[in-house]
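Down below is the structure, laid out as structure tokens.
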Amino acid sequence: MARNKIALVGAGNIGGTLAHLIGLKELGDVVLFDIAEGTPQGKGLDIAESTPVEGVDAEYTGANDYSAIKGADVVIVTAGVPRKPGMSRDDLIETNAKVMSAVGKGIKENCPDAFVICITNPLDAMVWALREASGLPHNKVVGMAGVLDSARFRWFLHEEFNVSVQDITAFVLGGHGDTMVPLTRYSTVAGIPLPDLVKMGWTTQEKLDQIVQRTRDGGAEIVAHLKTGSAFYAPAASAIEMAEAYLKDKKRLLPCAAWCDGVYGLDGFYVGVPCIIGENGVEKVVEIDLNDEEKAMFQNSVNAVKGLVEAAKKLMPQG
Ligand SMILES: NC(=O)C1=CN([C@@H]2O[C@H](COP(=O)(O)OP(=O)(O)OC[C@H]3O[C@@H](n4cnc5c(N)ncnc54)[C@H](O)[C@@H]3O)[C@@H](O)[C@H]2O)C=CC1
Ligand SMILES: O=C([O-])CC(=O)C(=O)O
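Okay, so the sequence shown: first residue is 1 according to UniProt numbering, each after it adds one.
Written out as structure tokens, the structure is:
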């Protein structure tokens with residue numbers, strides 16, 4: 001059986017990390033594409049030369065021409081610019097909306113049957129733009145953010161409770177920005193919901209509130225440390241979890257920016273929600289019960305994304 005072909009559009013910090021992880025996990029052969037000449041070729045060769053040491057089999061190709069992604073089974077898009085200290089993700093929209101137009105066209109022409117994972121920010125509006133430009137079915141184009149935001153939440157909870165990350169679950173919904181919604185009721189330590197852990201006296205509501213806020217600010221915290229760009233190890237690991245769910249038909253239930261039509265009161269809109277990923281892409285959006293407070297936070301986040309999608313519409317080249 002032929003190996004999977006995984007195209008990485010954008011060979012920067014996240015693209016390079018994705019390429020490395022794909023080889024280590026033997027998920028398939030990798031094509032790195034970038035407009036920067038030499039970058040995808042150099043990173044591809046460097047990672048390929050690590051495979052004999054690791055004892056894994058994967059082919060690596062670097063390219064500056066979209067024809068290289070022809071027939072890809074999965075495309076992960078990180079093309080565009082990241083933010084620097086003092087910027088919000090939304091400040092990236094002008095540059096990155098145009099990049100999504102070009103990338104969408106490249107995907108449409110070369111691999112219209114692929115499962116496409118968008119990572120480029122501002123995420124929820126960029127996955128919308130990428131889907132529009134590619135014309136692919138909505139269930140085959142999805143955005144990565146919720147897995148990352150939930151992983152950060154889990155890490156901070158691990159620090160608070162001193163319990164293995166394996167025993168901590170978390171769900172963060174909504175847009176990938178300041179309005180994201182970490183759901184404490186649906187986040188657990190070994191199945192015990194966080195509000196119950198407060199009642200048990202294992203933590204305080206105040207500490208939990210601080211962790212929720214730190215989760216919302218998780219991206220900015222890394223940007224402030226790095227100064228030259230944004231997070232890339234955890235974002236790459238998160239997208240790999242989604243790609244693996246598709247390639248191995250794992251039916252993972254993950255928070256992703258998925259197309260919501262007739263769920264959560266939305267009629268055709270990309271935002272972070274729990275969804276099942278398997279061989280058909282996004283196979284189902286799962287509508288969980290939200291209380292009034294959670295509904296209000298989710299709606300606030302939807303409104304923020306709506307504004308960004310409207311801005312992206314104006315920036316996308318027509319036709
Ligand atoms: N969704 C999420 O949770 C996260 C999203 N991000 C976003 O991911 C994006 C990429 O981040 P990094 O890899 O750190 O940035 P980076 O700057 O290291 O890499 C971006 C790459 O895109 C390339 N590029 C620019 N325009 C292009 C085009 N038209 N076609 C192909 N390639 C093009 C650049 O040459 C560069 O190599 C940023 O927009 C960042 O904000 C970052 C972390 C998490
Ligand atoms: O914060 C950023 O600019 C990058 C990002 O989306 C994240 O790390 O969550």
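For each residue, glycine too, the CB sits at the ideal point set by N, CA and C.
Trp259 sits away from Tyr246, with the two beta carbons spaced by 7 Å or more. Taking the Cβ of Leu123 as the reference point, at least one heavy atom of ligand 1 falls within a distance shorter than 6 Å. Taken in chain order, the unbroken stretches of beta strand (DSSP E) that lie wholly in the stretch 129 to 186 and span 3 residues or more are 141 to 143.
Looking at the DSSP output, Gly278 bridges to Gly281. Counting the other CB atoms within 10 Å of its CB gives Ser101 a total of 16 or more, which places it among the buried residues. With a cutoff of 6 Å, Ser230 counts as near ligand 2, since its C-beta is closer than that to a heavy atom of the ligand. With a threshold of 6 Å, the Cβ atom of Ala239 does not count as near ligand 1, since no heavy atom of the ligand is closer than that. In this structure, Val103 is the residue among Val103, Val302 and Pro255 with its C-alpha nearest to the C-alpha of Ile35. DSSP, read as helix, strand or coil, puts Ala58 in coil.
In this structure, the alpha-carbon of Gly28 lies about 8 Å from that of Glu59. For Val163, the closest alpha carbon among the candidates Lys251, Thr203 and Val147 is that of Thr203.
Runs of the beta strand (DSSP E) spanning 3 or more residues and lying entirely within the UniProt domain "Lactate/malate dehydrogenase N-terminal" (5 to 143) occur at 5 to 9, 29 to 33, 60 to 63, 74 to 77, 115 to 118 and 141 to 143, in chain order. Using a C-beta cut-off of 8 Å, the stretch 86 to 96 makes contact with the stretch 119 to 127, since at least three inter-stretch Cβ pairs fall below that distance.
If you check the CB distance, Ile117 and Leu8 do not come in under 7 Å. With fewer than 16 other beta carbons inside 10 angstroms of its own, Asp267 counts as exposed. DSSP, reduced to helix, strand and coil, places Gly191 outside both helices and strands of the structure shown, so it counts as coil.
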